[in-house]
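J.:
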Amino acid sequence: MVTDDMTIVFGGNAGQGIRSTGLGFIKAIARSGLFPFGRQDYRSRIRGGHNFFEIRVARKQVYSHTEGIDLLVAITEDTVTEHLDEIVEGGGVIYDDDLDVDAEEMEEKGVKPYPVPLEQIAMEEGGAKIMANTAAIGAIIGLTGFDISYIEGIIEENFAVKGDEVVKNNLDVANAGVEYVNSHGYSSNYDLEPIPESGERMVINGNQAFALGAVAGGCNFISAYPMTPSTSVLEWITKHSKELNIVTKQPESELAAVNMAIGASHVGARALVTTSGGGFSLMVEALGLSGMTETPLVIAEVSRPGPSTGLPTRTGQGDLMSIVHASQGDFPRIVLTPGTIQEAFQAGARSFNLAEKYQMPVITLSDQHLADSVRAVDPDVIDMEGAEIDRGEFLTEEELDALEEPYLRHKFTEGGVSPRAVPGHENAVYKTTGNEHTEKGDITEDPELRTKMMDKRAKKAKTALKKDIEPPVAEGPEDAEVSLVCWGSTYGAVKEALEKLEEEGVSANLCHLKDAWPLPADPVVDFLEGAEKTVIVEGNDSGEMKKLISQETGKVVDHEILKYDGRPFTPEYIVQKVEEVI
Amino acid sequence: MVTDDMTIVFGGNAGQGIRSTGLGFIKAIARSGLFPFGRQDYRSRIRGGHNFFEIRVARKQVYSHTEGIDLLVAITEDTVTEHLDEIVEGGGVIYDDDLDVDAEEMEEKGVKPYPVPLEQIAMEEGGAKIMANTAAIGAIIGLTGFDISYIEGIIEENFAVKGDEVVKNNLDVANAGVEYVNSHGYSSNYDLEPIPESGERMVINGNQAFALGAVAGGCNFISAYPMTPSTSVLEWITKHSKELNIVTKQPESELAAVNMAIGASHVGARALVTTSGGGFSLMVEALGLSGMTETPLVIAEVSRPGPSTGLPTRTGQGDLMSIVHASQGDFPRIVLTPGTIQEAFQAGARSFNLAEKYQMPVITLSDQHLADSVRAVDPDVIDMEGAEIDRGEFLTEEELDALEEPYLRHKFTEGGVSPRAVPGHENAVYKTTGNEHTEKGDITEDPELRTKMMDKRAKKAKTALKKDIEPPVAEGPEDAEVSLVCWGSTYGAVKEALEKLEEEGVSANLCHLKDAWPLPADPVVDFLEGAEKTVIVEGNDSGEMKKLISQETGKVVDHEILKYDGRPFTPEYIVQKVEEVI
Amino acid sequence: MANDVSLADYQYPTQPTWCPGCGDFAILQGLQMALVDLGLKPHESLLVSGIGCGSKLPHYTNVNGFHSIHGRPVAVATGVKLANPDMNVVVTAGDGDSYGIGANHFLHACRRNIGITQIVEDNRVYGLTKGQYSPTSYKGFVTKTSPEGAIEPPLDPLPTALTSGATFIARAFSGDVKHMKEVIARAIEHEGYSLVDVLQPCVTFNPGRSYDFYNGRVYKLGDDYDPTDKDEARKTAEEWGEKIPLGVIYENNDKPTYEEQVPALRDGPIVGQSLDLVERSGVSYEEIKRSFM
Amino acid sequence: MANDVSLADYQYPTQPTWCPGCGDFAILQGLQMALVDLGLKPHESLLVSGIGCGSKLPHYTNVNGFHSIHGRPVAVATGVKLANPDMNVVVTAGDGDSYGIGANHFLHACRRNIGITQIVEDNRVYGLTKGQYSPTSYKGFVTKTSPEGAIEPPLDPLPTALTSGATFIARAFSGDVKHMKEVIARAIEHEGYSLVDVLQPCVTFNPGRSYDFYNGRVYKLGDDYDPTDKDEARKTAEEWGEKIPLGVIYENNDKPTYEEQVPALRDGPIVGQSLDLVERSGVSYEEIKRSFM
Ligand SMILES: Cc1ncc(C[n+]2csc(CCOP(=O)(O)OP(=O)(O)O)c2C)c(N)n1
Ligand SMILES: Cc1ncc(C[n+]2csc(CCOP(=O)(O)OP(=O)(O)O)c2C)c(N)n1
Ligand code: SF4
Ligand code: SF4
Ligand SMILES: [Mg+2]
Ligand SMILES: [Mg+2]
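From first to last, the protein sequence lines stand for chains A, B, C and D. Counting along the first sequence from 1, when you hit position 116 you're at 116 in my numbering, and nothing is skipped either side. Position in the second sequence counted from 1, then plus 1000, gives you my numbering. Position in the third sequence counted from 1, then plus 2000, gives you my numbering. Position in the fourth sequence counted from 1, then plus 3000, gives you my numbering.
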């Protein structure tokens, strides 16, 4: 029987190539027309320490990982100890027969042991121990009947730079892995059939999707200080900065990064800053400067569990309230909370338009789970071609040439947005300041003017809410028994939980806030008022979105499913908790 | 008729001694048994620019300034231009007859002009122009019949260091001022009669009260970077640091200040950090470090209107939400929001006990209005003698000597608080870290342990809420027509508004949150549910406390009276707005 | 072109809020004169400042100004320069701002040789917050936060900049506007990073560093002084006490500026280029997307 | 007393998470040996670290440890020392932490001569975030954030510290634990601020600064070297290239420490004194309150 859905886990130590092996396998899966979901679980260390890479393979688009392992590839003994209990009955473990693992114990649990001399095959066929991972891939192929040509293609591409011999050795190792499994009569319950003619797919994670969105959205400047799990945005853009003509700067600190971005943006660049919670905390003062001077600023905050350094390589959704309320005094900002590859891409592309149209900070809040999880998407989903540049009320060279009135940088207008000129034109020499100011940008202490300026800035949020903040994604039947509210990366697991609940006869729907701030209060209230029983599902311990909704609407979500152990939700976990609630 | 309540304003440029003159006068008022309320209004500049000092004088304790000026002392022409419209009918203006002011215009408005050759008197009687202020004080005395001996006492004390001659000159100038007014037949409607045997009073502002609370509360370390309007706390403590044995450090930045305080506290000091909103924004990352490592930390955030630099010398209440939610990840903190001199004193004293008992950051949020406004209070109000030191679960030397188990810094306990040892004892060598950790302080990645640690920390907030967070101050009749909710310095004006509303036949009560976080939800809900019509009164434009209440309780306050022009509320303003609402 | 600009172009209606006699007036004047001498029009420069008395300067002259936050103007200015290297970017901020809270940015700006000019209004005190010691205050200075006298030795700006790799360091004095103008003009002309530390008397809070104090000590480096000699420059930079040198102390034109080494700026300012990625860089979306397949 | 302590006292069960061959192992060992040599027991020291590979060090030895946040350990350590000058306070943090994000605290610690020891695990790369250039990376270093090679010249730690007023600067090398131990011991013994910059190979992300690279270049300063000669020290501190000196490069014992000048510490650590104000200082509340009357 063709397998609809299975999970393969590669486990080993940091530095053993777990991640690159997994990524190669995912690409092969994607090319075969199947749908992968790859999730990395790693520690804050460079080598050693148990890491694993989990790959779900399905015959339709999936949005989350799930519980239960079908095939475990154990590069270390620890891998078996850590994961044996998670293996489903009928599943199996591929391991080097040199490892000291207890095959009998496996069999007692209904798990099949597949000892394979991975290192020996690697040495004999490839001449290097490091190819043991390739041998393991071969073993998987042997056990699942997957078409080896997809893997061969990946091997050829990945090792091309290392020369023909390396390519050939890896191909030999992979084939030997297949052969070993076949010749030893190993069998499994799995059958990975390709889906023909599915078209090309991109294999991409949330950070990459955001980066592609950003560059398509006109980002031409990035100043960022490395911080897990945000660093890969910086690294991707930097890697391509020369060909894409993007100024990139890794400065001395996050304080420098954000203020450099403000400077660059002030003179007209589309400037991006990437960071995680701790770095964002250092940007709080500058956030207010952006707000007060009405300088567009785009920040990607890829969160990890706090407080403080917390669990630096894991996932969590504990930064929402701190971002929405950061910095002294009230001023508007926009916070996007994408939950899918597509939404991450769109957040990247939209941010710059939003920041320029409303002349305020725009923060995309994602998290390690969205950032690092790898999925295959249709290339249309990453709609770079469709990204449009909209600078909003931005005075062009010609408009400035024709300017007759003295230029007023902070002019009072209907919607609060003042036409913006970047410094450098003779007709618009101006100042701006973090002090309260006049329309012209001079310092003022006048109480009426101050009040009007506060109102002007606040008005921009209302305008943005009306014109650009997108309503939550609503899914599932309208008159469901239970209604789940979520945001950010948790959407994937909630979406899949809906299906599982339906299978179990529970009708459920969901409301996923992909744009969190200004809170789209009206649709949220509609959803909550139309619901029988409401449940918030989020990855923090205080129910931040629940609180935010109450704060803005006075509505209180009935129940909470919270998780703050640094691990992402699974659909199964949500189903179980929902069943406890109803 | 004896005057019950009047307002005298001294106006001039920065650098003209307005403030010290006003303060001297206030002290004299206090000694006479009358009740002063002095408020300073100044700009962010060192010299020049219109500044004024407003002194309300009443026959009973007052909590706010009020609208309307009875006597204006104009050192500059600007003072008249700025304030003429605020002078009540029958009031008057004392001014140097050299100034180019329009006496006729005054008379048309029913305001009496009192030209006095202030500088000439100063030169002739005192030999220095700077004594013009003293001459003006003399004129006030002449016009109000105030007993000059109180002023004489102040002059003698204030100028003692400058020698007998300066004292004598000032006395002569003051008397000449009185005489000039009397001999020119100037009369007024005011009569400031002393209240005999009222006992001694302290003349003090909110920052000083907080500082006295802090030192009585055991503060022995302060690291702070100057920032208006918080600086006077740092300066008062530093001035007395030698005699009080307090380590004081003005470091290179707020980042340094807060991290130094954390270091000092970690080894057992009672460490204080003072700042305003911009500086607090730079402390956000360290706040999380305090939260995660459970290091006590006391911060006084004296706010001014933001965003960003905003109105740096003025007042506002726009930092509540940013403080309550600051820093990545969820962790508990305490936020105190005093509204009176007494509450400011108590906040200073309580902070250190709270920080040590619950091993978390404690932030006192006050503002420029409370910080700089000067009042006279009974010395018992500043109950330094009564301040008790409670270090909570703090292991003494003897307890540590007797320790038999290995010491666990972050031990799981009933209420979440772990017994604390400071480094330096043989039996308690330990580590702590901003990473998630075990009870012992080692780094952990274990999901269950992580969850338990989050729960442990969260529990401390619940314990604090139960044991130490004080319920809001409730005043006024229970079945009032309208119920006002306020916090921080706004309490004073609301309290006085209640009286005025009563006079106008409107029955109103109030609920003043002096402890804002963890929000004392139960009494707030009781108050709101028992109220007919609820109104929030606060100094910001988004209704931060209103939102915080909704966030925590789901209750929505009915109406808003908000003000964000950088100026404090007056009772009259509140009365007017309340009348619009009902 | 120089004839096109005059001091009148730089006049602005806002009256400075500085104390009468404050050394900041001279800096304002010296800077305006330098800009005029260089033939720069108001729209060709952007003054970036922090927070402090001195940082208010941009408000008092007709030129582009970004009055930012305390300690961060160098970072803001660096961002400006990296986005638009054609802009003449000048930082004006106090000693607390530059060498205290902002010293990290100062250090790294020197090292990376970013083409901005940093003019420090070095009154050796915190002026705007009414008189606390600053990183350049002398040991023993009695202020509101050092009642027993400051116990830290001062940071010495010029040697610090030199050690950190600055390619242009200079000192000027508020008591000599004409000389200051020349120094500032040379600093702006210098391609890489340039520091002008100005002895700026704060007449209100630092009586010990008055015009008189400096007048008796300062001397101008003569024509025979060779600012390209680094060893000589170090000695001169360290000279402080009875004799305080004024002028360009060190200049090195051999080090490339940071911005000229940034690949994305090879075709000119990024802000002059299209925001459309394909138009700007010639890459194809197809190609980028294919790299993920 | 020295006999009371042995390396065994410093053993801790947690296994380091460093890569095999990482230069941090030697630093851990060198520090432990120095503490033993000095006869210091585990409770007499507090190690303060930031965030980075090197900053994990306190977790691997039995001593008091405060593993703080990135860039701030010097500030935390300063607070510790000011509250309890009797504590031996040692900072262990990486080059990014110390000279990048935390450089401002480094600069001011040097200047104020606060009695802490700062050991910098200077692998000239960001290790824990997996290989980006750091402030001490050589120009041209190709990393994930400098695909064309780093374009900033490195910050030179020892001259920077010297110029900033540090009273003790030294260099050690992970390839020579015994020598490192001696250097660290001397640094700890020094009363004021001391810096030990350690050449620490990162075997994973900085192949260009390997043991081999350094082995061919380092030499130890001999007994004839006089670290109190500042001019000599400057030259030696600047020496870098074919020859890299190891050892104590500068030591000045004439400058008072910061903490010994703080009035409130004249009677010993503040943490040893009563929290009761009257008991501690002898003032009367009456008197304080009277000053407000
Ligand atoms: C983050 C922050 N901290 C503190 C302040 C308060 N503050 C304003 S100006 C200033 C120092 C002024 O000294 P300096 O930079 O030397 O400038 P000067 O006023 O002497 O020209 C301080 C501490 C602030 N505005 N922002
Ligand atoms: C505020 C903040 N920014 C960024 C990070 C991410 N981060 C962790 S370690 C590190 C740099 C590590 O380099 P270094 O200090 O040289 O230490 P090493 O790992 O090389 O020993 C960074 C940027 C962080 N933890 N906190
Ligand atoms: S306080 Fe000092 S620096 Fe500020 S304006 Fe006055 S004289 Fe100038
Ligand atoms: S990455 Fe480098 S510094 Fe970090 S542990 Fe590995 S070798 Fe050491
Ligand atoms: Mg200054
Ligand atoms: Mg490093």
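Ideal placement from N, C-alpha and C gives every residue a C-beta, glycine not left out. Model, not experiment: these values are computed from the prediction.
Going along chain A in order, which residues have a C-beta closer than 8 Å to the C-beta of C/Pro2159?
T.: Those within 8 Å of C/Pro2159 in chain A number zero; the least Cβ separation is about 20 Å.
J.: Please state if the CB of B/Gly1288 and the CB of B/Pro1331 are separated by a distance shorter than 8 Å.
T.: The displayed chain sequence assigns Phe, not Pro, to residue 1331 of chain B. Cβ atoms of B/Phe1331 and B/Gly1288: closer than 8 Å.
J.: Which residues in the same chain as C/Lys2181 place their Cβ atom closer than 6 Å to its Cβ, once the five residues preceding and following it in sequence are excluded?
T.: Correct list, in chain order: Gly2030, Met2033, Ala2034.
J.: Straight-line CA distance for B/Arg1056 to B/Val1258?
T.: Using only the alpha carbons, I get a separation of about 38 Å.
J.: Give the residues from the stretch 2126-2158 of chain C that approach chain B closer than 8 Å (Cβ to any Cβ), ordered along the chain.
T.: Within the stretch 2126-2158 of chain C, the residues whose Cβ lies closer than 8 Å to some Cβ of chain B are Tyr2126, Gly2127, Leu2128, Thr2129, Lys2130, Gln2132, Tyr2133, Pro2135, Lys2144, Thr2145, Ser2146, Pro2147, Glu2148, listed in chain order.
J.: Taking a contact to mean a Cβ-Cβ separation below 8 Å, would you say C/Gly2102 touches C/Cys2053 in this structure?
T.: The answer is no: Cβ separation not under 8 Å.
J.: Quick one: measure Cβ to Cβ for B/Arg1450 and B/Glu1470, integer angstroms, because I've assumed they're closer than 8 Å.
T.: Not confirmed; about 33 Å, so no contact.
J.: Please confirm whether C/Pro2073 has its beta-carbon closer than 8 Å to some beta-carbon of chain D.
T.: Closer than 8 Å: no.
J.: Answer with buried or exposed for C/Ser2284, where buried requires no fewer than 16 other C-beta atoms within 10 angstroms of its C-beta.
T.: Classification of C/Ser2284: exposed, given that the 10 Å Cβ count is below 16.
J.: Return the residues of the stretch 3102-3116 of chain D that lie within a Cβ-Cβ distance of less than 8 Å from chain A, sorted by chain order.
T.: Cβ contacts with chain A come from Ala3103.
J.: For B/Met1001, which of helix, strand or coil comes out of DSSP?
T.: If DSSP states are grouped into helix, strand and coil, B/Met1001 belongs with coil.
J.: Tell me which residue opens and which closes the alpha helix (DSSP H) that D/Asn3104 is part of.
T.: From DSSP, the alpha helix (DSSP H) with D/Asn3104 extends over 3103-3112.
J.: Taking B/Lys1459 as part of the alpha helix (DSSP H), name the residues at either end of that continuous run.
T.: Unbroken alpha helix (DSSP H) run through B/Lys1459: 1447-1467.
J.: Taking buried to mean at least 16 other C-beta atoms within 10 Å of its own C-beta, is A/Asp319 buried or exposed?
T.: Result: buried.
J.: Work out the CA separation of A/Asn509 and A/Leu500 for me, nearest whole Å.
T.: The question names Leu, but residue 500 of chain A is Lys in the sequence shown. One C-alpha to the other measures close to 12 Å.
J.: So that I know if they touch, is there some Cβ in chain D lying closer than 8 Å to that of B/Pro1332?
T.: B/Pro1332 does not count as touching chain D.
J.: Using beta-carbon positions only, say whether A/Trp487 and A/Glu538 come within less than 8 Å of one another.
T.: Cβ distance < 8 Å, so A/Trp487 and A/Glu538 count as in contact.
J.: What does D/His3059 reach in chain A if we use C-beta pairs closer than 9 Å?
T.: By Cβ distance, chain A contributes nothing, its closest Cβ being about 11 Å from D/His3059, past 9 Å.
J.: Run the proximity test for C/Asn2123: is its beta-carbon closer than 7 Å to any non-hydrogen atom belonging to ligand 8?
T.: Ligand 8 is not part of this structure, which contains only ligand 1, ligand 2, ligand 3, ligand 4, ligand 5 and ligand 6.
J.: Per DSSP, what kind of secondary structure is A/Pro36 in: helix, strand or coil?
T.: Strand.
J.: According to the neighbour-count rule (16 or more other Cβ atoms, all chains shown, within 10 Å of its Cβ), is B/Gly1476 buried or exposed?
T.: B/Gly1476 should be labelled buried.
J.: Which residues in chain D have a C-beta closer than 8 Å to the C-beta of B/Gln1208? List them in chain order.
T.: Chain D residues near B/Gln1208: Phe3292.
J.: Check whether the Cβ atoms of A/Leu282 and A/Ser322 sit closer than 8 Å, and answer yes or no.
T.: No, Cβ-Cβ distance for A/Leu282 and A/Ser322 is not below 8 Å.
J.: Report the option in A/Val62, A/Thr295, A/Ser303 whose CA atom is closest to the CA atom of A/Thr275.
T.: Considering only alpha carbons, the answer is A/Ser303.
J.: First and last residue of the alpha helix (DSSP H) that includes A/Arg19?
T.: Segment 18-31, the alpha helix (DSSP H) holding A/Arg19.
J.: Give the residues from the stretch 3163-3187 of chain D that approach chain C closer than 7 Å (Cβ to any Cβ), ordered along the chain.
T.: Flagged, chain order: Thr3163, Ser3164, Gly3165.
J.: As an exercise, report each continuous alpha helix (DSSP H) stretch of at least 4 residues that is fully enclosed by the stretch 346-434 of chain A, in chain order.
T.: Entirely contained in the stretch 346-434 of chain A, the alpha helix (DSSP H) runs reaching 4 residues are, in chain order, 368-372, 397-401.
J.: With hydrogens ignored, establish whether the beta-carbon of C/Asp2306 is closer than 7 Å to any heavy atom of ligand 5.
T.: Outside the modelled stretch of chain C, which goes from 2001 to 2293, sits residue 2306 of chain C, for which no answer is possible.
J.: For D/Arg3290, does the three-state DSSP call read helix, strand or coil?
T.: Helix, per DSSP.
J.: Against chain C, does B/Glu1124 count as a neighbour if the rule is that its beta carbon must be under 8 Å from one of theirs?
T.: False, the Cβ-Cβ gap to chain C never drops below 8 Å.
J.: Mind checking if D/Ile3288 is an interface residue toward chain A, Cβ cutoff 8 Å exclusive?
T.: Cβ-Cβ to chain A under 8 Å: no for D/Ile3288.
J.: For C/Gln1995, decide whether its Cβ has a neighbour in chain D, counting only Cβ atoms nearer than 8 Å.
T.: Because residue 1995 of chain C is not part of the residues shown, which for chain C are 2001 to 2293, the question remains open.
J.: Sort C/Ile2027, C/Asn2206, C/His2108 by Cα distance to C/Leu2162 and report the nearest one.
T.: Among C/Ile2027, C/Asn2206, C/His2108, the Cα nearest to that of C/Leu2162 is on C/His2108.
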